[in-house]
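Residue numbers (the working numbering): 21 to 443. Note that CB positions come from ideal geometry on N, CA and C, so glycine has one too. Here's the structure, in structure tokens; my notes come after.
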Ligand code: FE2
């Protein structure tokens, strides 16, 4: 089988057929009308075909550990750190790999084929990173995995933090991370940004910083990250994750900040379910939503996308790999259910995320690009969201790697029909 027919494509009218050979797309043709199904072609049945979903921010090394050994009863970030410290003491490379592979399969089952995972490198010996580098190779059939050297406990304020980050880069991570708001002082936070940006530039790596993940309006490391990005001209390679403090900045500061952000041209990732769960915890009422300014960044022409962050870990007890659930939550929380946003909402879990991950020509439905695509259960962005649509099929380099048969519901006739409902 090397063709899918009766496909609807985003932003284009009519039905299309897509042909592939040797793992690459060879043709995308407009059909004059619906074509009859054949044994030789996959039939999209008029539903939407998109490039694979992209999960741009997750922590695979902590996934599937909630409740081990104890649950986070308060649900706070701080109790999560305490619970993780208990679980971390029992982590082995085999345990890390088994949980990461299970989680990746959950993601692949929802049409995700590109993942960026942060890996805690504040660990002498970097055993977890070694395990995750193996996972990156072993999972290639299902997922392209980018690994981020993530200094969970800081770079400047953690013993040997700089050496561990450098070692992680030399071992082959794809992305350099950071956590400036967690460093002990403002000066250390700023120094950590200069250090990590220089490290990434020197080794030709991408950058993705956990930046200002707090409700503290005085946490202002994003301006530093953006300015260093602008000076180095690295905008296409740098991402700021979370930036939740922006939800607490006043508008006067934001008007200056946005000028720098636009000059820098960096990308943003918001993790709406995780942030609304963890932020706002010091508020009584009114209670902040604890998210960055997603629609404002988007309207300013900056690249923003949505991510899951956690799946069943000490910080967030839920999650099943379904990124469309995160999109649904994010659009609600960010006041983005207006008509225009609904018409293009899949941008936030596909094209925008692919740009943040710098996937370039390795992504997208175009002739000559990988024959990797996903068939959804509805025919437009709006219908996918409204109907809580699902990924029905995932094709990767020309090979079907996932098929889903949707459940069927039948509404039975009422035995005593009400007026207007029977027989
Ligand atoms: Fe994170």
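The C-beta distance from residue 76 to residue 325 rounds to 6 Å, short enough to fall under 8 Å. For residue 104, the enclosing alpha helix (DSSP H) has its first and last residue at 97-108. Segment contact: the stretch 123-133 against the stretch 331-347, three or more CB-CB distances shorter than 8 Å; contact assigned. Non-local beta-carbon contacts of residue 40 in its own chain, meaning distances under 7 Å to residues more than five positions away in sequence, involve 22, 46, 391, 418 in chain order. Spanning the alpha carbons of residue 295 and residue 427 requires a straight line of approximately 32 Å. A Cβ closer than 7 Å to some heavy atom of the ligand FE2 marks a residue here, and those residues are 77, 79, 138, 230, 261, 262, 291, 329. Scanning the stretch 306-340 for uninterrupted alpha helix (DSSP H) segments of 4 residues or longer gives 314-319, listed from N- to C-terminal end. Contact annotation: residue 254 and residue 232 have beta-carbon atoms that are not nearer than 9 Å.
Put simply, the backbone Cα of residue 223 is about 8 Å away from that of residue 189.
The Cβ atoms of residue 394 and residue 415 sit closer than 9 Å to each other. In the DSSP secondary-structure assignment, residue 367 is not bridged to any residue. Per DSSP, reduced to three states, the secondary structure at residue 304 is coil, with no helix or strand assignment. By the neighbour-count criterion, in which 16 or more other beta carbons inside 10 Å mark a residue as buried, residue 60 falls on the exposed side. Within the same chain, 45 come within 7 Å of residue 386 by CB-CB distance, once the 5 residues on both sides are set aside. Rounded to whole angstroms, the Cβ separation of residue 290 and residue 314 is 5 Å, and the two are in contact under 8 Å. DSSP places residue 428 in the coil class of the three-state scheme, outside both helix and strand. Here residue 404 carries a helix assignment [DSSP, helix/strand/coil].
DSSP places residue 133 within a strand segment (E or B) once states are collapsed to three. In terms of Cα proximity to residue 176, the closest of 28, 204, 241, 168 is 204. In chain order, 44, 45, 381, 382, 383 place their CB closer than 8 Å to the CB of residue 389, counting only its own chain and leaving out the 5 sequence neighbours on each side. Fewer than three pairs of CB atoms, one per stretch, sit closer than 8 Å, so the stretch 85-103 makes no contact with the stretch 153-169. When rounded, the separation of the alpha-carbon atoms in residue 88 and residue 112 is 14 Å.
For residue 421, the enclosing beta strand (DSSP E) has its first and last residue at 419-423. Just measuring C-alpha positions, the residue of 164, 145, 397 sitting nearest residue 124 is 164. Under the three-state reduction of DSSP output, residue 280 falls in the helix class. By the Cβ neighbour-count rule, residue 321 is exposed, with fewer than 16 other Cβ atoms within 10 Å of its own. Secondary structure in the stretch 112-179: the beta strand (DSSP E) runs of 3 residues or longer, each lying completely within the stretch, are 132-140, 164-170 in chain order.
Note that the C-beta distance between residue 214 and residue 236 is not below 9 Å. Sorting 270, 317, 283 by C-alpha distance to the C-alpha of residue 250 places 283 at the top. For residue 345, the uninterrupted alpha helix (DSSP H) segment begins and ends at 343-353. Per DSSP, residue 238 lies in no alpha helix (DSSP H) and is assigned neither H nor E.
For residue 200, the three-state secondary structure derived from DSSP is helix.
Annotation: residue 192 to residue 228 spans about 15 Å, alpha carbon to alpha carbon.
Annotation for residue 295: the continuous alpha helix (DSSP H) segment containing it runs 292-298.
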